[in-house]
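Peer 1: Let me give you the structure first, and then I'll get to my questions.
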Amino acid sequence: MNGRNTRDLTDRHLYLVLTEEYGTGRPLMFVAEEAIAGGVDILQMREKSRPRSDLIQLGSGLAALCRKSGVTFIVNDDPFLAAELDADGVHLGQEDLQTYSVDTARKIIGKDRILGLSTHSLEQFRRACDLDADYLAFGPIFPTRTKDYSIGTGDVAEVLRIASTPVVLIGGVNTSNLDLLLSEGASSVALIRDIMQAEDVASRTRWYKDRLKKGAGR
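The sequence shown begins at 910 in our numbering and counts up one residue at a time.
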């Protein structure tokens, strides 16, 4: 793991979810390198259909790259794989909680790794605030191909008000709607397609990083 206080995400605001499913055919390692050059703070490996041997190979490369660059590396869905790869943490969706409770996942990854949770409604978010999570993702805010629904921005201000951990807004975030989220008080966003499908990944990443800094007055 990185030599920083891994579970402290207060300075981590730009989150990229890496998945071949929504890329343009470029290798994930290339996209990761370009995003890191652009200033991304967190990278998540989200590959739901690859065999475990492929995940270990890809994850080992991403983990080494992130460790070298000081970027937080998160594994989606699988706390055992996160621990095996010595990743900085694991991200669990609501469906994953049927397999791993938060307490079980915490025992698997250990007390020094990050545990993130997805939430899709204000009610889910309120419940998640009482769990041992280091950040909560809230969304999908805007329409996105990764989900068949979106929840809009109506609860964003309330979510940010009641949150006791960092909140990452996700789902259809792009260059035309980021300012709307910033106006609601957001400071952290997660993206997939708008960075992964950008012609110049580093430049697009840099745009988001600069905008997040300016928007939050950092």
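Backbone N, C-alpha and C fix where the C-beta goes; we use that ideal spot for every residue, glycine too.
(1) Please tell me whether Phe1047 and Asn1086 are closer than 8 Å, where the distance is taken between their beta carbons.
(2) Give the DSSP-derived three-state secondary structure of Gln901 in the structure shown.
(3) Out of Asp920, Ala941, Arg1022, which one is the CA nearest neighbour of Ser978?
(4) With 16 as the cutoff for other CB atoms within 10 Å, does Pro936 come out buried or exposed?
(5) Pairs of beta-carbons, one from the region 926-934 and one from the region 1060-1078, closer than 8 Å: are there three or more?
(6) Of the choices Glu1067, Met1105, Arg1070, whose alpha-carbon is the least far from that of Gly1081?
(7) Which same chain residues, not among the five before or five after Gly1094, have their C-beta less than 7 Å away from its C-beta?
(8) Asp1129: buried (16+ other C-beta within 10 angstroms of its C-beta) or exposed?
(9) For chain B, find out if any of its Cβ atoms is closer than 8 Å to the Cβ of Thr1062; answer yes or no.
(10) With respect to the beta strand (DSSP E) encompassing Ile983, which residues constitute its N-terminal and C-terminal limits?
(11) For the region 917-980, which segments carrying the beta strand (DSSP E) assignment without a break, of at least 3 residues, lie completely within its bounds, in sequence order?
(12) For the putative contact between Ile945 and Leu974, defined by C-beta atoms under 8 Å, what is the C-beta separation to the nearest angstrom?
(13) Could you compute how far the alpha carbon of Asp1041 sits from the alpha carbon of Leu923?
(14) Consult DSSP for Tyr1117 and reduce its assignment to one of helix, strand or coil.
Peer 2: So, from the listed chains and residues:
(1) no
(2) Residue 901 falls outside the range modelled here, since the chain spans only 910 to 1127, and no answer is possible.
(3) Ala941
(4) Exposed is the call here.
(5) In this structure the region 926-934 does not touch the region 1060-1078; the number of beta carbon pairs closer than 8 Å is below three.
(6) Residue Met1105 is the option with its Cα nearest to Gly1081.
(7) In chain order, Ala1066, Leu1069 place their CB closer than 7 Å to the CB of Gly1094, counting only its own chain and leaving out the 5 sequence neighbours on each side.
(8) This structure leaves residue 1129 out entirely; the chain is present only between 910 and 1127.
(9) Among the chains in the structure shown there is no chain B, since it carries only a single protein chain.
(10) 981-985
(11) 923-927, 951-954
(12) Yes, they are in contact, since the Cβ atoms of Ile945 and Leu974 sit about 7 Å apart, within 8 Å.
(13) 22 Å
(14) helix
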